[in-house]
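Each remark here refers to the structure printed beneath this line.
Protein chains: 2
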Amino acid sequence: MKNHKARAERTDCEKCPLREIKKFRDFGPDELEFVSNFKKGELHTDPGATILVEGSNNPHIYTVLTGWGFRSKLLEDGRRQILNYIMPGDMIGLQGSIMGEMEHSVEALSAMTLCVFEREYMMKLYEKHPDLGYDITWIAATEERILDEHLVSVGRRTALERAAYLLAYLHQKATAVGLAQEECSDLSITQQHIADTLGLSIVHTNKTLRKLAQKDLIIWKERGCEVLNVKGLLQVAGWEGMPEKCRPLI
Amino acid sequence: MKNHKARAERTDCEKCPLREIKKFRDFGPDELEFVSNFKKGELHTDPGATILVEGSNNPHIYTVLTGWGFRSKLLEDGRRQILNYIMPGDMIGLQGSIMGEMEHSVEALSAMTLCVFEREYMMKLYEKHPDLGYDITWIAATEERILDEHLVSVGRRTALERAAYLLAYLHQKATAVGLAQEECSDLSITQQHIADTLGLSIVHTNKTLRKLAQKDLIIWKERGCEVLNVKGLLQVAGWEGMPEKCRPLI
DNA sequence: CGCGGTGTTGACAGGCTTCAAGCTGTGTGG
DNA sequence: CCACACAGCTTGAAGCCTGTCAACACCGCG
Numbered sequence: 022m023k024n025h026k027a028r029a030e031r032t033d034c035e036k037c038p039l040r041e042i043k044k045f046r047d048f049g050p051d052e053l054e055f056v057s058n059f060k061k062g063e064l065h066t067d068p069g070a071t072i073l074v075e076g077s078n079n080p081h082i083y084t085v086l087t088g089w090g091f092r093s094k095l096l097e098d099g100r101r102q103i104l105n106y107i108m109p110g111d112m113i114g115l116q117g118s119i120m121g122e123m124e125h126s127v128e129a130l131s132a133m134t135l136c137v138f139e140r141e142y143m144m145k146l147y148e149k150h151p152d153l154g155y156d157i158t159w160i161a162a163t164e165e166r167i168l169d170e171h172l173v174s175v176g177r178r179t180a181l182e183r184a185a186y187l188l189a190y191l192h193q194k195a196t197a198v199g200l201a202q203e204e205c206s207d208l209s210i211t212q213q214h215i216a217d218t219l220g221l222s223i224v225h226t227n228k229t230l231r232k233l234a235q236k237d238l239i240i241w242k243e244r245g246c247e248v249l250n251v252k253g254l255l256q257v258a259g260w261e262g263m264p265e266k267c268r269p270l271i
Numbered sequence: 022m023k024n025h026k027a028r029a030e031r032t033d034c035e036k037c038p039l040r041e042i043k044k045f046r047d048f049g050p051d052e053l054e055f056v057s058n059f060k061k062g063e064l065h066t067d068p069g070a071t072i073l074v075e076g077s078n079n080p081h082i083y084t085v086l087t088g089w090g091f092r093s094k095l096l097e098d099g100r101r102q103i104l105n106y107i108m109p110g111d112m113i114g115l116q117g118s119i120m121g122e123m124e125h126s127v128e129a130l131s132a133m134t135l136c137v138f139e140r141e142y143m144m145k146l147y148e149k150h151p152d153l154g155y156d157i158t159w160i161a162a163t164e165e166r167i168l169d170e171h172l173v174s175v176g177r178r179t180a181l182e183r184a185a186y187l188l189a190y191l192h193q194k195a196t197a198v199g200l201a202q203e204e205c206s207d208l209s210i211t212q213q214h215i216a217d218t219l220g221l222s223i224v225h226t227n228k229t230l231r232k233l234a235q236k237d238l239i240i241w242k243e244r245g246c247e248v249l250n251v252k253g254l255l256q257v258a259g260w261e262g263m264p265e266k267c268r269p270l271i
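Residue numbers (my numbering), protein chains in the order written: chain A, 22 to 271; chain B, 22 to 271.
Below, the structure is given as structure tokens:
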């Protein structure tokens, strides 16, 4: 019975709520069993918690189960760039696993639960389940694709376009995994985060967000925003939006 | 004899000049044989040639054997962002292979030769050689790391810092694979390319490069620049440089 | 109550873009 | 041979976008 209780503290992979979402590809029973054994535990964090630190050496890989956060890097004088956001189904720590040392930090924006995997078992995954290995490459390549898009945004779009792009991106990403309904309303974030993502100052970010609000595309609320018109945002950004593809889930 | 001549047109993987470079990890004989069969041919391009087009669906994956080029994306109105540069040992087309459609273009800056692989054999690679599968994930994760760094640069560094970062990056990357000796001199590139990488206008890029030249860090020549002082560039950029790690080569 | 975090706004300065013109070297065709 | 076009580089001037500084409102919290 003790064992049973210990297991009850974690979500069984067999009952993983994320697998209910049709956006994630189906697993065979043997894959499910392997991943279930691969999973070493769960990590629960508070909002604002730092999960991984730039320069550290963490022996784990994580998959987000609930909540959301972001990856970021710092320059020596404190300037911060937010690289991407992480939401349920996303994997973090892969870079650290492969490069040895984390090259970026990860922070939670809400309370989060993460599935914990051991780096060391990575090689076994590739040996026993080539399709899962392919999935991990898929995940890395997709993250790369998103970063490409962000780089275009920061490099070549105007402040208004960038902001519209980011909010549309977050909205699409969140709704795809059920983090938000039609609105971004329950996604807690400050304008400082937005600014550090867009590569803008906080003052100009504020003024830019107000312009989007004036166009009735969003409503900024305390620590977050509600998206009123995704299509409008996409149009302002000059962006097609993300392809709705089936994706793997480790 | 005909066969022999036909084979002579391509570089045998067993005699691949890149494998001489100690920066690339050693291959076992069975890995070498597999990759050798995986390789379907070679592609030779002129300077300025477009190798992959955004939105197209190309059934190949490539590894750069000689020369260099870049990946880029366009906005609808023609604004261009260069995402990263490709040099010997780099793999391109992986995203297309996994996402189906290319989300960026690839152009040659010099004459190039590329090893051609078939997408379809990818899965077999994962099945037969898990370590090669892991290598491909390694490559994708590393590209992601570089993009993180570029994003920090474009988002948070000043024009001067950005330019210094980029030139130091290119210099390090090129010397690591023997593309350049101590100078970048034989790397042909225009200031328009630099501008599209940094997210700056060409006019301001020109003025920024002159500032670097005034500091005796570089000398701009016709279609390219010579790096006089890498450490100085790194210092201006506030960047540590790239870790000199052993890397895989497919 | 004071305090810190967040959001808002105005004024001003400066970095960067745009416009415009001119220079150089290369190639093409008369 | 020269004229011409073109691509790349350079420079100056004007103006806008964005950053910085500063002040204030609001809110939750100790």
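Beta carbons are placed, not taken as given, at the ideal position from N, Cα and C, and that holds for glycine.
B:P109 has a beta carbon lying at 8 Å or more from every beta carbon in chain A. Per DSSP, the continuous beta strand (DSSP E) segment holding B:R101 begins and ends at R101 to I107. Proximity of chain B to A:K252 at the Cβ level (cut-off 7 Å) is not reached, the minimal Cβ distance being about 16 Å. DSSP assignment within the stretch 131–182 of chain A yields the following whole beta strand (DSSP E) runs of 3 residues or more, N-terminal first: 133–139.
In this chain, the beta strand (DSSP E) harbouring A:A129 covers S126 to A129. If you ignore the 5 residues before and after B:N78, its C-beta comes within less than 6 Å of the C-beta of E122, all in its own chain and listed in chain order. In its chain, beyond the 5 residues on either side, R46 have a beta carbon closer than 6 Å to the beta carbon of B:C267. Contact annotation: A:M133 and A:G76 have beta-carbon atoms that are not nearer than 8 Å.
Excluding its 5 nearest sequence neighbours in each direction, A:Q212 has C-beta neighbours in its own chain below 7 Å: I223, T226, N227 and L230, listed in chain order. Counting every other CB atom within 10 Å of its CB across the protein chains shown gives A:D33 a total below 16, marking it as exposed. Think of a sphere of 8 Å around the beta carbon of B:R166: the chain A residues whose beta carbon falls inside it are Q116, M120 and E124, in chain order. According to DSSP, B:C246 shares a beta bridge with B:W241.
Judged by DSSP in its simplified three-state form, B:M263 adopts coil rather than helix or strand. The residue from A:R244, A:R166, A:M120 and A:V251 with its alpha-carbon nearest to that of B:S126 is A:R166. In the DSSP annotation of this structure, the continuous segment of the beta strand (DSSP E) that includes B:V85 starts and ends at H81 to T87. The Cβ-Cβ distance between A:I271 and A:D152 does not fall below 8 Å. By the C-beta density criterion, B:T71 is exposed, having fewer than 16 other C-beta atoms within 10 angstroms. Here B:I215 has T226 as same chain residues with Cβ atoms under 6 Å from its own Cβ, once five neighbours each way along the sequence are excluded. Annotated three-state conformation of B:E63 is strand, per DSSP. If you draw a 10 Å sphere on the C-beta of A:G110, you find 16 or more other C-beta atoms in it, and that means buried. B:S93 sits in a strand when the DSSP states are folded into three classes. Excluding the 5 residues flanking it on each side, A:R92 has same chain C-beta neighbours closer than 6 Å at L104, N105, H125 and V127, in chain order. Around the C-beta of A:V175, 16 or more other C-beta atoms lie within 10 Å, and the residue is accordingly described as buried. Note that the C-beta distance between A:V137 and A:E63 is below 8 Å. Excluding the 5 residues flanking it on each side, A:F55 has same chain C-beta neighbours closer than 8 Å at L146, K149, H150 and L153, in chain order. Rounded to the nearest whole angstrom, the C-alpha separation of B:I42 and A:A185 is 46 Å. Proximity of chain B to A:V175 at the Cβ level (cut-off 8 Å) is accounted for by L172, V175, G176 and G220, in chain order. Going by DSSP, A:I119 is part of no beta strand (DSSP E) but of the alpha helix (DSSP H) stretching over L115 to M120. The CB of B:Q256 never comes closer than 8 Å to any CB in chain A; the least such distance is about 11 Å. Think of a sphere of 7 Å around the beta carbon of B:K94: the chain A residues whose beta carbon falls inside it are D169 and V173, in chain order. As a beta-bridge residue in DSSP terms, A:R268 pairs with A:F45. With a threshold of 16 other beta carbon atoms within 10 Å, A:S57 falls short and is exposed. Apart from sequence neighbours up to five positions away, the residues of its chain that approach A:A234 with a beta-carbon distance below 8 Å are I240 and W241, ordered along the chain. Using a Cβ-Cβ cut-off of 8 Å, B:P80 does not count as an interface residue toward chain A, since no Cβ of chain A sits closer than that to its own.
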